[in-house]
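Asks: Going by my numbering, the residue at position 156 of the sequence shown is 206; the numbering climbs one at a time, nothing skipped.
For every residue, glycine included, the Cβ atom is placed at its ideal position computed from N, Cα and C.
Given the structure is predicted, the values throughout are model-derived calculations rather than measurements.
Structure below; questions to follow.
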Amino acid sequence: MHALVQRLIDWYQLSLQSGGYGYIVFLMALESSVVPIPSEVIIPPAVLLVMGHKANMTITGIVIAGALGSWIGATIMYWVSRVAGRPFVMRYGSYFLMPPEKVEKAERWSDRFGSFGILVARVVPVIRHLIGIPAGVTRMNFLKYSIFTVIGSTFWCGVLAYISTVAGNDDKLMHGEIREITIWVAGGGLALAAVYYFLVHRMSQKKA
């Protein structure tokens, strides 16, 4: 499994050297739609490539490309849900990696946090690529939806870029010292778990 992931990352970094920002926009658009590609495997490799002077891009450009791709994917989710309607999404969503339980979780999130939840959702796993469904179904103002999506996506891509920059300057981490890698992974995992528990699981369950 590790070897497969490494080959995919190697392919992605090689593609970035020729395709540049286009690959980032495309993959982040998928990440914000129905394809659960973690943004954590899209932004960091691109940043590390730039730090190694192996790609004609900038870190700022990567953040902008990531935010643009997120907005494109989120826009697709919004309009498909708005046009199709909730009954269609609930009935056929499972065929597109959107089972009813996930849709209901996104709806509870939307009920709890309203339009501001669009912004916060961009940094929360699972919710970030589904939040466009309740926004579209309830016909939230598209301009407001877009603004919150762009702000949240830019912030999240910026965080990933910053962490990648710090990691890229850590010789021990880059050379694979297990203790350093464990600290980074454990710290990031705990932070995301805390956000997920308090903002998604706990509060959504209370609302339900």
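(1) So, P1 versus E157, is the Cβ gap smaller than 8 Å?
(2) Determine the burial state of L118: buried for a count of at least 16 other Cβ atoms within 10 Å of its Cβ, exposed for fewer.
(3) Please list, in chain order, all residues of the same chain as Y73 whose beta carbon is under 6 Å from its beta carbon, the five residues on each side excluded.
(4) Looking at the secondary structure, which residues open and close the alpha helix (DSSP H) in which I181 lies?
(5) Determine whether the beta carbon atoms of L98 and S214 lie at a separation below 8 Å.
(6) When we look at the beta-carbon of W206 and count the other beta-carbons within 10 Å, is it buried (16 or more) or exposed?
(7) From which residue to which residue does the alpha helix (DSSP H) around K194 run?
(8) Using only the alpha-carbon positions, how far apart do I114 and H103 sit?
(9) Measure the CB-CB distance between A211 and I112 and report whether it falls below 8 Å.
(10) Apply the 10 Å Cβ neighbour rule to L180 and answer buried if 16 or more other Cβ atoms are within range, or exposed otherwise.
(11) Using a threshold of 8 Å, state whether the C-beta atoms of G123 and A171 are closer than that.
(12) Going by DSSP in three states, T188 sits in which element: helix, strand or coil?
(13) Just to confirm, is the Cβ distance from N106 to G70 under 8 Å?
(14) So, at 6 Å on beta carbons, what are the nonlocal neighbours of V75 in its own chain, with the 5 sequence-adjacent residues on each side left out?
(15) Tell me whether R57 is buried or exposed, calling it buried when 16 or more other Cβ atoms sit within 10 Å of its Cβ.
(16) In whole angstroms, give me the CA-to-CA distance for R132 and F166.
(17) Just how far apart, CA to CA, sit P95 and Q63?
Replies: According to the data block:
(1) With the chain covering 51 to 258 only, the question about residue 1 has no answer from this structure.
(2) buried
(3) S65 and L66
(4) Per DSSP, I181 belongs to no alpha helix (DSSP H) and is neither H nor E.
(5) yes
(6) buried
(7) F192 to G218
(8) 19 Å
(9) yes
(10) buried
(11) no
(12) coil
(13) yes
(14) A115, L118 and G119
(15) exposed
(16) 19 Å
(17) 7 Å
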